[in-house]
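Following: one structure in C-alpha coordinates, then a few remarks.
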Amino acid sequence: MVIISDDKGEVLGFNIYAGGGLGRTHNKEETFARIADPIGYVPKDDIYNLVKAIVSTQRDYGDRTNRRHARMKYLINDWGVAKFTAKVEEYYGKTIEPLKELPAFKYIDFLGWHEQGDGKVFLGISVVNGRIKDEGDFKLRTALREIVQTYQIPMRVTPHQNVLIYDIEPADKAAIDSILIENGVEPDPLKIDNLVRYSMACPALPTCGLAVTESERVAPSVNERFRALLTKLDLPDEQFVIRMTGCPNGCARPYMAEVGFVGSFPESYQVWLAGCPAQTRLAQVYTDRMHIDDLETFFTPMFEYFKRDRKPGEGFGDFCYRVGLDSLREVCKH
(Lines of atoms letter the chains of each structure in order from A and count residues from 1; the text may use other names and numbers.)
(Lines give C-alpha, C1' and ligand atoms only; values in the text may rest on other atoms or scores of the structure.)
Protein backbone atom coordinates (compact mmCIF):
# COMPACT_ATOMS: atom_id res chain seq x y z
CA MET A 1 0.00 0.00 0.00
CA VAL A 2 1.14 3.53 -0.80
CA ILE A 3 -0.48 6.29 1.24
CA ILE A 4 -2.13 9.09 -0.75
CA SER A 5 -2.51 12.29 1.27
CA ASP A 6 -3.63 15.87 0.69
CA ASP A 7 -1.49 19.01 0.96
CA LYS A 8 -1.97 19.04 4.73
CA GLY A 9 -0.82 15.46 5.17
CA GLU A 10 -4.27 14.03 5.79
CA VAL A 11 -4.70 10.49 4.48
CA LEU A 12 -7.14 10.28 1.58
CA GLY A 13 -6.64 6.68 0.54
CA PHE A 14 -4.16 4.13 -0.75
CA ASN A 15 -2.68 2.86 -3.99
CA ILE A 16 -2.78 -0.94 -3.72
CA TYR A 17 -0.24 -3.38 -5.18
CA ALA A 18 -0.26 -7.18 -4.92
CA GLY A 19 1.68 -10.21 -6.08
CA GLY A 20 5.20 -9.33 -5.03
CA GLY A 21 7.55 -11.75 -3.33
CA LEU A 22 11.28 -12.43 -3.43
CA GLY A 23 11.59 -15.93 -1.99
CA ARG A 24 12.69 -18.68 -4.39
CA THR A 25 14.50 -22.03 -4.43
CA HIS A 26 17.62 -22.90 -6.41
CA ASN A 27 16.99 -25.24 -9.36
CA LYS A 28 13.21 -24.95 -8.90
CA GLU A 29 12.16 -22.81 -11.84
CA GLU A 30 8.55 -22.83 -10.69
CA THR A 31 9.72 -20.53 -7.87
CA PHE A 32 10.84 -17.03 -8.73
CA ALA A 33 11.19 -13.49 -7.48
CA ARG A 34 8.43 -11.12 -8.58
CA ILE A 35 7.52 -7.47 -8.07
CA ALA A 36 3.95 -6.50 -7.16
CA ASP A 37 1.38 -5.45 -9.75
CA PRO A 38 -0.77 -2.32 -9.39
CA ILE A 39 -4.35 -3.17 -8.42
CA GLY A 40 -5.86 0.29 -8.01
CA TYR A 41 -6.77 3.05 -5.59
CA VAL A 42 -9.07 2.73 -2.59
CA PRO A 43 -10.42 5.55 -0.35
CA LYS A 44 -9.29 5.21 3.25
CA ASP A 45 -12.76 4.23 4.53
CA ASP A 46 -12.79 1.20 2.20
CA ILE A 47 -9.28 -0.08 2.79
CA TYR A 48 -10.32 -2.88 5.14
CA ASN A 49 -12.92 -4.19 2.70
CA LEU A 50 -10.49 -4.20 -0.21
CA VAL A 51 -7.74 -5.95 1.75
CA LYS A 52 -10.32 -8.50 2.92
CA ALA A 53 -11.33 -9.07 -0.70
CA ILE A 54 -7.71 -9.62 -1.77
CA VAL A 55 -7.08 -12.08 1.07
CA SER A 56 -10.34 -13.89 0.34
CA THR A 57 -9.36 -14.30 -3.31
CA GLN A 58 -6.05 -15.85 -2.30
CA ARG A 59 -7.80 -18.05 0.26
CA ASP A 60 -10.27 -19.44 -2.22
CA TYR A 61 -8.12 -19.69 -5.34
CA GLY A 62 -4.51 -19.95 -4.14
CA ASP A 63 -2.75 -23.31 -4.45
CA ARG A 64 -3.48 -25.41 -1.38
CA THR A 65 -1.64 -28.55 -2.53
CA ASN A 66 1.89 -27.35 -3.31
CA ARG A 67 3.58 -25.26 -0.62
CA ARG A 68 6.12 -23.89 -3.11
CA HIS A 69 3.25 -22.62 -5.27
CA ALA A 70 1.02 -21.32 -2.48
CA ARG A 71 1.86 -17.65 -2.48
CA MET A 72 -0.30 -14.91 -3.97
CA LYS A 73 2.43 -13.99 -6.46
CA TYR A 74 1.96 -17.33 -8.20
CA LEU A 75 -1.81 -16.95 -8.38
CA ILE A 76 -1.46 -13.50 -9.99
CA ASN A 77 1.29 -14.75 -12.28
CA ASP A 78 -0.88 -17.69 -13.41
CA TRP A 79 -4.09 -15.66 -13.80
CA GLY A 80 -2.77 -12.29 -14.90
CA VAL A 81 -3.52 -9.10 -13.02
CA ALA A 82 -6.75 -8.37 -14.95
CA LYS A 83 -8.40 -11.66 -13.95
CA PHE A 84 -7.16 -11.34 -10.38
CA THR A 85 -8.48 -7.78 -10.08
CA ALA A 86 -11.86 -8.79 -11.52
CA LYS A 87 -12.20 -11.57 -8.95
CA VAL A 88 -11.18 -9.21 -6.14
CA GLU A 89 -13.87 -6.78 -7.28
CA GLU A 90 -16.48 -9.55 -6.94
CA TYR A 91 -15.57 -9.90 -3.27
CA TYR A 92 -15.18 -6.15 -2.83
CA GLY A 93 -18.59 -5.44 -4.31
CA LYS A 94 -17.60 -2.53 -6.53
CA THR A 95 -15.13 -1.39 -9.14
CA ILE A 96 -11.66 -0.53 -7.91
CA GLU A 97 -10.62 2.99 -8.85
CA PRO A 98 -7.54 3.61 -11.06
CA LEU A 99 -4.23 4.29 -9.34
CA LYS A 100 -3.49 7.85 -8.29
CA GLU A 101 -0.49 9.36 -10.02
CA LEU A 102 2.71 9.19 -7.98
CA PRO A 103 6.10 10.87 -8.33
CA ALA A 104 9.07 8.70 -9.27
CA PHE A 105 10.10 6.52 -6.36
CA LYS A 106 13.37 7.36 -4.63
CA TYR A 107 15.33 5.22 -2.22
CA ILE A 108 15.72 7.33 0.93
CA ASP A 109 17.36 5.91 4.05
CA PHE A 110 16.79 8.97 6.32
CA LEU A 111 20.31 8.84 7.76
CA GLY A 112 21.51 11.98 9.50
CA TRP A 113 19.44 14.71 11.15
CA HIS A 114 15.92 15.61 9.98
CA GLU A 115 13.00 17.75 11.12
CA GLN A 116 10.09 15.53 12.12
CA GLY A 117 7.37 18.14 11.67
CA ASP A 118 6.45 19.00 15.27
CA GLY A 119 9.40 21.12 16.31
CA LYS A 120 11.51 18.10 17.27
CA VAL A 121 14.11 16.25 15.19
CA PHE A 122 15.13 12.67 14.49
CA LEU A 123 18.46 11.05 13.70
CA GLY A 124 19.06 8.13 11.35
CA ILE A 125 22.09 6.01 12.22
CA SER A 126 23.68 3.53 9.82
CA VAL A 127 23.87 0.00 11.21
CA VAL A 128 26.10 -2.21 9.08
CA ASN A 129 24.07 -5.32 8.18
CA GLY A 130 21.65 -4.52 11.00
CA ARG A 131 24.01 -5.77 13.72
CA ILE A 132 24.00 -3.49 16.79
CA LYS A 133 27.17 -4.38 18.65
CA ASP A 134 30.28 -3.21 20.45
CA GLU A 135 33.44 -4.28 18.68
CA GLY A 136 36.83 -2.74 19.44
CA ASP A 137 36.62 1.05 19.28
CA PHE A 138 33.20 0.85 17.61
CA LYS A 139 30.59 0.83 20.39
CA LEU A 140 27.19 1.35 18.79
CA ARG A 141 25.31 -0.57 21.44
CA THR A 142 26.89 1.45 24.23
CA ALA A 143 26.17 4.73 22.44
CA LEU A 144 22.51 3.91 21.81
CA ARG A 145 22.00 2.81 25.40
CA GLU A 146 23.51 6.04 26.75
CA ILE A 147 21.43 8.23 24.41
CA VAL A 148 18.15 6.49 25.21
CA GLN A 149 18.74 6.41 28.95
CA THR A 150 19.99 10.00 29.12
CA TYR A 151 17.30 11.63 27.01
CA GLN A 152 14.44 9.13 27.46
CA ILE A 153 13.69 9.05 23.75
CA PRO A 154 12.38 6.19 21.58
CA MET A 155 14.00 4.31 18.71
CA ARG A 156 12.75 2.50 15.62
CA VAL A 157 14.45 0.02 13.33
CA THR A 158 13.95 0.37 9.57
CA PRO A 159 13.66 -2.07 6.65
CA HIS A 160 17.10 -0.82 5.60
CA GLN A 161 18.62 -2.32 8.78
CA ASN A 162 19.21 1.12 10.27
CA VAL A 163 18.03 2.85 13.46
CA LEU A 164 16.00 6.04 13.84
CA ILE A 165 16.15 7.91 17.16
CA TYR A 166 13.30 10.40 17.34
CA ASP A 167 11.41 12.95 19.47
CA ILE A 168 14.73 14.73 20.07
CA GLU A 169 14.86 18.33 21.24
CA PRO A 170 16.96 20.38 18.77
CA ALA A 171 19.08 21.65 21.67
CA ASP A 172 20.28 18.08 22.31
CA LYS A 173 21.67 17.46 18.82
CA ALA A 174 25.28 18.42 19.57
CA ALA A 175 25.43 16.33 22.75
CA ILE A 176 24.02 13.27 20.98
CA ASP A 177 26.53 13.68 18.15
CA SER A 178 29.29 13.79 20.76
CA ILE A 179 28.12 10.55 22.40
CA LEU A 180 28.16 8.80 19.04
CA ILE A 181 31.56 10.13 18.01
CA GLU A 182 33.10 9.26 21.41
CA ASN A 183 31.96 5.68 20.83
CA GLY A 184 33.33 5.46 17.31
CA VAL A 185 29.97 5.85 15.54
CA GLU A 186 29.77 8.23 12.58
CA PRO A 187 26.55 10.34 12.71
CA ASP A 188 27.21 12.12 9.40
CA PRO A 189 26.01 9.92 6.51
CA LEU A 190 28.14 11.88 4.04
CA LYS A 191 31.22 10.42 5.72
CA ILE A 192 30.06 6.83 5.22
CA ASP A 193 31.21 5.02 2.07
CA ASN A 194 28.14 4.78 -0.17
CA LEU A 195 28.87 1.13 -0.94
CA VAL A 196 28.50 0.48 2.78
CA ARG A 197 25.60 2.87 3.25
CA TYR A 198 23.40 1.22 0.62
CA SER A 199 24.46 -2.41 1.06
CA MET A 200 22.60 -5.04 3.04
CA ALA A 201 23.20 -8.65 4.06
CA CYS A 202 21.17 -11.31 5.83
CA PRO A 203 22.54 -13.05 8.98
CA ALA A 204 23.24 -16.39 7.19
CA LEU A 205 25.92 -18.55 8.84
CA PRO A 206 26.07 -19.40 11.69
CA THR A 207 22.66 -17.98 12.70
CA CYS A 208 20.32 -19.22 9.98
CA GLY A 209 19.75 -22.91 9.37
CA LEU A 210 18.80 -22.25 5.72
CA ALA A 211 22.11 -20.63 4.78
CA VAL A 212 24.45 -22.50 2.45
CA THR A 213 27.23 -19.91 2.69
CA GLU A 214 28.27 -16.69 4.41
CA SER A 215 26.59 -13.32 4.10
CA GLU A 216 26.70 -10.91 7.06
CA ARG A 217 30.19 -11.89 8.15
CA VAL A 218 31.78 -11.46 4.69
CA ALA A 219 29.72 -8.52 3.37
CA PRO A 220 32.00 -5.82 4.92
CA SER A 221 35.06 -7.35 3.24
CA VAL A 222 33.16 -7.60 -0.05
CA ASN A 223 32.38 -3.88 0.13
CA GLU A 224 36.04 -3.13 0.86
CA ARG A 225 37.18 -5.25 -2.06
CA PHE A 226 34.72 -3.54 -4.40
CA ARG A 227 35.91 -0.11 -3.31
CA ALA A 228 39.56 -1.09 -3.78
CA LEU A 229 38.82 -2.51 -7.23
CA LEU A 230 36.84 0.56 -8.32
CA THR A 231 39.64 2.84 -7.14
CA LYS A 232 42.19 0.75 -9.02
CA LEU A 233 40.09 1.11 -12.19
CA ASP A 234 39.84 4.90 -11.74
CA LEU A 235 36.21 4.77 -10.59
CA PRO A 236 36.92 5.87 -7.02
CA ASP A 237 33.56 7.50 -6.23
CA GLU A 238 31.30 5.01 -8.00
CA GLN A 239 28.37 3.69 -5.99
CA PHE A 240 25.73 1.02 -6.48
CA VAL A 241 23.38 -1.03 -4.35
CA ILE A 242 24.90 -4.34 -3.16
CA ARG A 243 22.82 -7.02 -1.45
CA MET A 244 23.95 -10.43 -0.21
CA THR A 245 22.14 -13.47 1.15
CA GLY A 246 23.35 -16.89 2.20
CA CYS A 247 20.47 -18.69 0.47
CA PRO A 248 17.83 -17.99 -2.23
CA ASN A 249 15.05 -16.89 0.16
CA GLY A 250 16.04 -13.28 -0.49
CA CYS A 251 15.81 -11.82 3.03
CA ALA A 252 18.17 -8.93 2.17
CA ARG A 253 16.36 -8.32 -1.15
CA PRO A 254 19.25 -9.20 -3.51
CA TYR A 255 16.84 -9.54 -6.42
CA MET A 256 16.20 -5.79 -6.39
CA ALA A 257 19.87 -4.76 -6.17
CA GLU A 258 22.25 -3.48 -8.79
CA VAL A 259 24.61 -6.24 -7.68
CA GLY A 260 23.06 -9.14 -5.80
CA PHE A 261 24.85 -12.16 -4.33
CA VAL A 262 22.72 -15.21 -3.52
CA GLY A 263 24.38 -18.14 -1.76
CA SER A 264 24.36 -21.21 -4.02
CA PHE A 265 27.22 -23.35 -2.70
CA PRO A 266 29.80 -23.05 0.11
CA GLU A 267 31.80 -19.88 -0.54
CA SER A 268 29.99 -19.39 -3.88
CA TYR A 269 27.09 -17.22 -5.05
CA GLN A 270 24.67 -16.64 -7.85
CA VAL A 271 25.30 -13.13 -9.19
CA TRP A 272 22.27 -10.98 -10.05
CA LEU A 273 22.70 -7.76 -12.02
CA ALA A 274 20.70 -4.93 -13.61
CA GLY A 275 18.52 -3.79 -10.74
CA CYS A 276 18.27 -0.02 -10.28
CA PRO A 277 19.32 2.42 -7.53
CA ALA A 278 15.69 3.00 -6.48
CA GLN A 279 15.21 -0.80 -6.23
CA THR A 280 12.02 -0.78 -8.28
CA ARG A 281 13.23 -3.18 -11.01
CA LEU A 282 13.99 -6.88 -10.68
CA ALA A 283 17.59 -7.86 -11.28
CA GLN A 284 18.49 -10.79 -13.56
CA VAL A 285 20.67 -13.86 -13.04
CA TYR A 286 24.08 -13.31 -14.58
CA THR A 287 25.78 -16.49 -13.41
CA ASP A 288 24.84 -19.35 -11.11
CA ARG A 289 28.16 -19.68 -9.32
CA MET A 290 30.96 -17.26 -8.53
CA HIS A 291 33.49 -18.22 -5.87
CA ILE A 292 34.02 -15.37 -3.47
CA ASP A 293 37.79 -15.52 -4.01
CA ASP A 294 37.25 -14.69 -7.69
CA LEU A 295 35.39 -11.41 -7.11
CA GLU A 296 38.08 -9.12 -8.55
CA THR A 297 38.76 -11.33 -11.57
CA PHE A 298 35.04 -11.66 -12.20
CA PHE A 299 34.11 -7.98 -12.01
CA THR A 300 37.19 -6.30 -13.50
CA PRO A 301 36.25 -6.73 -17.20
CA MET A 302 32.66 -5.81 -16.35
CA PHE A 303 33.68 -2.54 -14.72
CA GLU A 304 36.08 -1.79 -17.57
CA TYR A 305 33.21 -2.22 -20.03
CA PHE A 306 31.02 0.00 -17.83
CA LYS A 307 33.69 2.70 -17.64
CA ARG A 308 34.23 2.64 -21.39
CA ASP A 309 30.63 2.53 -22.65
CA ARG A 310 28.42 4.09 -19.96
CA LYS A 311 26.27 7.11 -20.75
CA PRO A 312 26.80 10.35 -18.79
CA GLY A 313 25.48 9.93 -15.26
CA GLU A 314 24.49 6.30 -15.86
CA GLY A 315 24.80 4.00 -12.86
CA PHE A 316 26.09 0.45 -12.98
CA GLY A 317 22.69 -1.22 -12.62
CA ASP A 318 21.11 0.90 -15.35
CA PHE A 319 24.12 0.23 -17.59
CA CYS A 320 23.76 -3.53 -17.16
CA TYR A 321 20.05 -3.28 -17.93
CA ARG A 322 20.61 -1.15 -21.04
CA VAL A 323 23.35 -3.25 -22.65
CA GLY A 324 21.83 -6.56 -21.54
CA LEU A 325 23.40 -9.51 -19.77
CA ASP A 326 24.22 -11.32 -23.01
CA SER A 327 26.37 -8.37 -24.03
CA LEU A 328 28.06 -8.42 -20.64
CA ARG A 329 28.77 -12.15 -20.97
CA GLU A 330 30.17 -11.71 -24.45
CA VAL A 331 32.49 -8.88 -23.43
CA CYS A 332 33.53 -10.51 -20.15
CA LYS A 333 33.48 -14.15 -21.39
CA HIS A 334 31.82 -15.35 -18.18
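149 is the number of the first residue of the sequence shown in our numbering; add one for each residue after it.
Idealized CB from N, CA, C, for every residue including glycine.
- Here DSSP, grouped into helix, strand and coil, assigns Leu170 to coil.
- If you ignore the 5 residues before and after Gly171, its C-beta comes within less than 6 Å of the C-beta of Asn397, Gly398, all in its own chain and listed in chain order.
- Val479 has its alpha-carbon roughly 29 Å from the corresponding atom of Thr361.
- According to the DSSP assignment, Glu452 belongs to the alpha helix (DSSP H) that extends over 443-457.
- Every unbroken stretch of the alpha helix (DSSP H) spanning 4 or more residues and falling wholly within the region 153-212 is given here in chain order: 195-209.
- Measuring C-alpha to C-alpha distances from Val407 to each of Asp315, Ser416, Met392 identifies Met392 as the nearest.
- Separation of the CB atoms of Asp341 and His308 is rounded to 16 Å, and the pair is thereby denied contact status at 8 Å.
- Here the alpha carbons of Gly463 and Lys231 stand approximately 37 Å from one another.
- Leu312 has its alpha-carbon roughly 6 Å from the corresponding atom of Leu271.
- Under DSSP, Phe270 takes part in a beta bridge, and its partners are His262.
- Contact check between the region 408-421 and the region 429-440: three or more CB pairs, one atom from each, fall below 8 Å, which counts as touching.
- Here DSSP, grouped into helix, strand and coil, assigns Lys248 to coil.
- A distance below 8 Å separates the beta carbons of Glu364 and Ala349.
- Contact check for Leu160 and Pro186: beta-carbon distance about 17 Å, past the 8 Å limit, so the pair fails to qualify.
- Taking a contact to require three or more Cβ pairs closer than 8 Å, the region 171-180 and the region 149-156 do not qualify as touching.
- Distances from the CA of Ala359 to each of Gly168, Gly169, Phe162, Thr173 were compared; the closest alpha carbon is that of Thr173.
- Nearest to Ile390 by C-alpha distance, out of Pro384, Ser412, Ala367, is Ala367.
- Assigned with DSSP and collapsed to three states, Glu362 falls in coil, not helix or strand.
- Taking C-beta atoms under 8 Å as the contact rule, Phe253 and Ala426 qualify, at a distance of about 5 Å.
- By the Cβ criterion, the region 258-270 is not in contact with the region 216-236, since fewer than three pairs of Cβ atoms, one from each stretch, lie closer than 8 Å.
- In terms of Cα proximity to Ala422, the closest of Phe454, Phe286, Ser412, Asp441 is Phe454.
- Secondary structure note for Val296: its alpha helix (DSSP H) is the uninterrupted segment 288-299.
- Contact annotation, Pro402 with Phe413: C-beta distance approximately 16 Å; criterion of less than 8 Å not satisfied.
- Scanning its chain for C-beta atoms nearer than 6 Å, with the 5 sequence neighbours on each side dropped, one finds around Met404 the residues Gly423, Gln427, in chain order.
- Taking C-alpha positions only, Tyr255 is separated from Gly210 by approximately 32 Å.
- Taking the C-beta atoms as reference points, Leu343 is found nearer than 8 Å to Gln387.
- Looking at the backbone, the Cα of Asn225 and that of Ser204 are separated by about 17 Å.
- Contact between Ile316 and Ile324 holds: their C-beta atoms lie close to 7 Å from each other, under 8 Å.
- With fewer than 16 other Cβ atoms from the protein chains shown falling within 10 Å of its own Cβ, Ser475 counts as exposed.
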